[in-house]
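Numbering (the UniProt record's numbering), first residue to last: 1 to 672.
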């Protein structure tokens with residue numbers, strides 16, 4: 001058989017591209033009352049045999065039939081029978097070698113994904129699925145990152161034991177701490193917190209957990225096997241392929257009904273291994289290879305998917321659209337987006353906009369890669385430095401904001417602005433404006449930054465599933481701080497990023513000081529370390545309440561929620577000194593007259609009390625380092641305000657309309 005480099009040369013030839021690029025949208029299986037059709041793209045196969053099975057993992061095929069070769073590398077077999085629930089795979093001969101493969105385009109599979117399954121998707125819809133709709137978009141999005149198993153595994157969550165770690169746990173809207181009926185967990189807890197979007201960590205079929213094994217097995221799931229099939233270990237019955245589909249739909253339906261939009265974490269940049277269904281059916285077409293024959297490994301996972309090749313790009317686009325249509329997914333988070341190409345990302349954005357409306361489906365990703373990649377044909381990677389080439393409605397995780405606030409995620413002992421680093425003030429200012437200062441070549445720390453065109457391109461955050469949790473990072477960078485001081489630092493971190501422009505994102509449990517005992521990447525650590533400890537949420541309820549108040553306050557601040565390209569101009573009167581940053585923001589909008597027409601924010605990252613001019617008069621205190629609900633109490637600001645160490649002070653200037661309403665209400669009280 002050809003070497004990887006020889007295959008690469010062949011796939012780049014005019015002969016291949018003219019004759020073997022299939023533009024149809026019917027690969028995989030179509031299974032309806034009218035019959036079943038199997039189509040596989042395998043342009044280099046000499047023969048393909050379809051095998052049908054009654055079981056998803058055991059036994060021999062009950063029927064084998066040669067498939068018919070068609071044009072453009074497609075193999076087909078049709079039957080008038082509806083084969084819903086029948087499992088299948090393929091035997092292929094490629095350049096004299098025999099291989100067996102499942103279907104890369106499969107929509108269902110058996111246990112551990114080794115055999116595909118023919119499925120009539122209409123038979124997997126839960127009751128009421130046809131009327132399922134996402135809740136209306138809110139002014140501000142608050143994204144909460146969750147892992148299916150972590151969410152409900154711990155007994156403290158009060159979930160039914162048979163549903164712990166499963167999709168079905170999300171269909172339980174009223175769980176409480178150890179079923180005490182008092183302290184909400186799960187869905188109710190997230191609603192009270194103020195979350196608008198739930199981001200589900202990988203829930204497609206992945207290879208790093210044995211679906212037939214012990215339920216305690218754990219992995220984050222960044223190991224794709226079957227891209228268009230839900231993961232079976234989260235199902236109550238992974239052996240029957242239709243169950244995982246129905247239960248994932250039930251999860252999404254329940255989240256929608258409870259007021260959440262759902263974001264899917266997708267990993268199109270690499271596969272679990274090179275011995276994938278892609279590789280078995282089209283050797284080396286779907287993977288990058290350097291010109292010297294080295295396998296591209298910019299993912300640090302052993303391979304890079306060749307998103308710039310026509311059939312691969314079509315596959316990824318079709319996969320995204322499939323999840324959006326069949327599962328009603330509301331947004332997509334792209335793992336290692338920097339390994340995908342700009343053209344594909346913009347193409348996906350356009351396709352989603354055409355189907356669902358401009359910006360209706362969220363799109364964002366990690367604008368980096370672990371190493372260099374062998375991207376072909378002049379394709380441009382969707383890296384941070386190329387953000388200006390991406391659509392304004394494609395966002396990126398802003399590690400610059402994250403690291404400016406709390407310190408480097410990769411160098412665990414290096415602090416940021418809030419925990420003692422010097423010289424971070426200007427990066428904090430840039431973070432406030434979502435790096436949209438208007439200077440497309442701003443330089444910080446010796447690095448030239450490409451121009452972010454709008455806050456819609458920035459995900460503002462301080463913690464996600466990878467690297468240390470915020471709480472653990474604070475423990476390492478401020479080792480002399482006691483727990484009370486660390487709580488103050490945690491509150492400050494939250495108050496800083498929640499008063500920056502951009503889209504808000506947080507790791508589940510950040511708001512209750514989630515810890516993983518300092519572990520940086522717990523992707524395969526025991527579930528006992530990774531699970532959400534709902535008891536900790538109530539032990540640290542005051543921190544949770546601080547987050548609740550910040551999220552609620554954020555919704556009252558259109559000057560910070562503004563995602564337009566002009567939003568940066570709302571920020572003015574910026575002042576900095578060592579450990580101190582202050583600014584004002586224009587809080588007016590053409591169609592919304594809020595309580596405050598202007599806000600003033602002061603960040604004190606030092607260990608000393610600082611003083612800030614407040615203006616008095618119509619200014620009132622909205623939030624300080626202890627209480628984020630002060631905005632509900634109408635507390636007048638003094639001419640000069642003290643800002644406690646490691647804290648944020650937010651003031652609001654009462655709009656004339658608000659003052660007039662208050663005067664009317666006061667007169668009504670007197671007349672009553």
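We put the CB at the ideal spot given by N, CA and C, even for glycine.
{"Asked": "Spatial neighbours of residue 376 in its chain, beta-carbon cut-off 6 Å, leaving aside the 5 residues before and after", "Found": "308"}
{"Asked": "DSSP three-state assignment for residue 35, whether helix, strand or coil", "Found": "strand"}
{"Asked": "Where the alpha helix (DSSP H) containing residue 577 begins and where it ends", "Found": "Taken as a continuous stretch (DSSP letters only), residue 577 belongs to no alpha helix (DSSP H), being part of the beta strand (DSSP E) at 571-577."}
{"Asked": "Neighbourhood of residue 1 by C-beta distance below 8 Å, restricted to the same chain and skipping five residues each side", "Found": "94, 95, 96, 97 and 283"}
{"Asked": "Residue 405 at chain B interface by Cβ criterion, 8 Å", "Found": "No chain B appears in the structure shown, which is made up of a single protein chain."}
{"Asked": "Same chain, Cβ closer than 6 Å to residue 572, neighbours up to 5 away in sequence not counted", "Found": "584"}
{"Asked": "Neighbourhood of residue 429 by C-beta, 7 Å cutoff - its chain only, sequence neighbours within 5 removed", "Found": "574, 576 and 581"}
{"Asked": "Spatial distance of residue 441 from residue 407 (CA atoms)", "Found": "Low per-residue confidence applies at residue 441: pLDDT is 41, beneath 50, and the placement is therefore not dependable enough to give any value."}
{"Asked": "Which residues DSSP lists as bridging residue 640, in chain order", "Found": "613"}
{"Asked": "Secondary structure of residue 300, DSSP reduced to three states", "Found": "coil"}
{"Asked": "Spatial distance of residue 129 from residue 123 (CA atoms)", "Found": "11 Å"}
{"Asked": "Residue nearest to residue 18 in terms of C-alpha spacing, selected from 496, 311 and 366", "Found": "311"}
{"Asked": "Segment contact, 8 Å Cβ cut-off, at least three pairs: the region 528-547 with the region 155-173", "Found": "yes"}
{"Asked": "Reduced DSSP secondary structure (H/G/I, E/B, other) of residue 200", "Found": "strand"}
{"Asked": "Any non-hydrogen atom of the ligand ATP closer than 7 Å to residue 561 Cβ", "Found": "For the ligand ATP, the structure offers nothing, since it holds no ligand at all."}
{"Asked": "Closest by C-alpha distance to residue 195, when choosing among 34, 548, 242 and 500", "Found": "548"}
{"Asked": "Ordered list of alpha helix (DSSP H) runs contained in the region 497-547, each at least 4 residues", "Found": "527-530 and 534-539"}
{"Asked": "Helix, strand or coil at residue 589 according to DSSP, with G and I counted as helix", "Found": "coil"}
{"Asked": "First through last residue of the alpha helix (DSSP H) which encompasses residue 342", "Found": "342-356"}
{"Asked": "Spatially closest choice to residue 469 from 50, 365 and 145, by CA coordinates", "Found": "145"}
{"Asked": "Residues sharing a beta bridge with residue 600, DSSP", "Found": "584 and 651"}
{"Asked": "At least 3 beta-carbon pairs within less than 8 Å: the region 495-511 vs the region 543-560", "Found": "yes"}
{"Asked": "Local conformation of residue 442 per DSSP, three classes", "Found": "The predicted position of residue 442 is uncertain, since its pLDDT is 38 and thus under 50; no value can be drawn from it."}
{"Asked": "Three-pair Cβ contact test at 8 Å for the region 592-603 versus the region 513-527", "Found": "no"}
{"Asked": "Per DSSP, cross-strand counterpart(s) of residue 252", "Found": "DSSP, once it has assigned bridges, lists no residue as partnering residue 252."}
{"Asked": "Beta strand (DSSP E) segments (min. 3 residues) lying fully within the region 47-125", "Found": "63-66, 74-79, 87-94 and 97-101"}
{"Asked": "Residues near residue 30 by beta carbon distance below 6 Å, same chain, minus five either side", "Found": "37"}
{"Asked": "Start-to-end residues for the alpha helix (DSSP H) that takes in residue 419", "Found": "Unbroken run through residue 419: none, as it is neither H nor E."}
{"Asked": "Residue closest to residue 199, alpha-carbon to alpha-carbon, out of 394, 269, 465 and 44", "Found": "465"}
{"Asked": "Pairwise C-alpha distance: residue 626 and residue 325", "Found": "44 Å"}
{"Asked": "As assigned by DSSP and simplified to three states, the class of residue 30", "Found": "strand"}
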